[in-house]
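What follows is a single structure, written as structure tokens, with notes after it.
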Amino acid sequence: KNQVEQSPQSLIILEGKNCTLQCNYTVSPFSNLRWYKQDTGRGPVSLTIMTFSENTKSNGRYTATLDADTKQSSLHITASQLSDSASYICVVSGDAGNMLTFGGGTRLMVKP
Amino acid sequence: DGGITQSPKYLFRKEGQNVTLSCEQNLNHDAMYWYRQDPGQGLRLIYYSQIVNDFQKGDIAEGYSVSREKKESFPLTVTSAQKNPTAFYLCASSMTGDLTANEKLFFGSGTQLSVL
Numbered sequence: 005k006n007q008v009e010q011s012p013q014s015l016i017i018l019e020g021k022n023c024t025l026q027c028n029y030t031v032s033p034f035s036n037l038r039w040y041k042q043d044t045g046r047g048p049v050s051l052t053i054m055t056f057s058e059n060t061k062s063n064g065r066y067t068a069t070l071d072a073d074t075k076q077s078s079l080h081i082t083a084s085q086l087s088d089s090a091s092y093i094c095v096v097s098g099d100a101g102n103m104l105t106f107g108g109g110t111r112l113m114v115k116p
Numbered sequence: 267d268g269g270i271t272q273s274p275k276y277l278f279r280k281e282g283q284n285v286t287l288s289c290e291q292n293l294n295h296d297a298m299y300w301y302r303q304d305p306g307q308g309l310r311l312i313y314y315s316q317i318v319n320d321f322q323k324g325d326i327a328e329g330y331s332v333s334r335e336k337k338e339s340f341p342l343t344v345t346s347a348q349k350n351p352t353a354f355y356l357c358a359s360s361m362t363g364d365l366t367a368n369e370k371l372f373f374g375s376g377t378q379l380s381v382l
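One line per chain: the protein sequences are A and B, in this order. Oh and the first sequence: position 89 is 93 in the working numbering, straight run, nothing missing. Oh and the second sequence: position 37 is 303 in the working numbering, straight run, nothing missing.
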């Protein structure tokens, strides 16, 4: 069964600090891996999309890594800001054109 | 202002009642999707459509129905057969529906449905 597991479930950090969120998946075959940011009560917004051949992709202060051999990804947030408080969702695309497997998300709170 | 518009933001359903959630997009996308989000769980696909007048069931279609009469619109009806409808419902769209090809998926702002 295709699964995407994220850790930790929740995280509290101080403003200005860095943090790393983890994503492990069992989706096979693999097409791409996506990270989304979702503010409370809003729809998810895309941060990065990575294919099998990409092992790092950045979007401002967000840097995603992918290890397709171990089926792991991470999202690193640098110099956190209060506006980074949100849920971060890892999503994996398999071989069916319209099927995505979503992780349960990591809820990040950045405190002043 | 391009994007996906969902309405209403909040909706309440009485027992035995059908309710319809609206989703409109002006991105000229062929593919549209409906997802259900429960607290702490991953999004689950309810229905999707890649072309007008055609749609396919997702993983949890029971108790839901959709129509795709226009490219821009993909309304979702939550029927009385759906016994646990309380959830956050998200509509999304993509250019062609081939999400294996790094195609971006755009989401609306969601509708929170609660049972009275």
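Built from N, CA and C at the ideal position, the CB exists for glycine as well.
- Membership of B/I326 in any beta strand (DSSP E) is not indicated, and neither H nor E is assigned to it by DSSP.
- Of the residues A/Q26, A/D88 and A/T52, the one whose Cα lies closest to the Cα of A/L37 is A/T52.
- Contact annotation: the segment 25 to 37 of chain A touches the segment 63 to 75 of chain A, with at least three C-beta pairs closer than 8 angstroms.
- Proximity to B/C357 across A/I17, A/V49 and A/Q85 peaks at A/V49, based on C-alpha coordinates.
- Listed along the chain, the chain B residues whose CB falls inside 7 angstroms of the CB of A/F106 are G308 and L309.
- In this structure, B/G308 places its C-beta atom within 8 angstroms of the C-beta atom of A/F106.
- When C-beta distances to chain B are compared with 9 angstroms, the residues of the segment 32 to 60 of chain A below that value are S35, N36, R38, Y40, Q42, G45, R46, G47, P48, V49, S50, I53, M54 and T55, in chain order.
- From the beta-carbon of B/S375, the residues of chain A found nearer than 9 angstroms are G45, R46 and G47.
- The criterion of a C-beta distance shorter than 8 angstroms is not satisfied by A/L18 and A/Y92.
- Here the C-alpha atom of A/G108 lies approximately 7 angstroms from the C-alpha atom of A/E9.
- Within its own chain, the residues whose Cβ lies closer than 8 angstroms to the Cβ of A/K5, once the five positions on either side in sequence are excluded, are T30, listed in chain order.
- When Cβ pairs closer than 8 angstroms are counted between the two stretches, the segment 286 to 297 of chain B is seen not to touch the segment 40 to 47 of chain A, the count staying below three.
- When beta bridges are read from the DSSP output, A/Q13 appears opposite no residue.
- Sorting A/S62, A/C27, A/I81 and A/K75 by C-alpha distance to the C-alpha of A/M113 places A/I81 at the top.
- Under the 8 angstroms criterion on CB atoms, A/S97 is classed as interfacial with respect to chain B.
- DSSP places A/D88 within a helical segment (H, G or I) once states are collapsed to three.
- Chain A places a beta carbon closer than 8 angstroms to that of B/N368, counting this residue as a contact.
- Listed by position along chain B, the residues whose Cβ is nearer than 7 angstroms to that of A/V8 are G308.
- For A/V31, no pairing in a beta bridge is given by DSSP.
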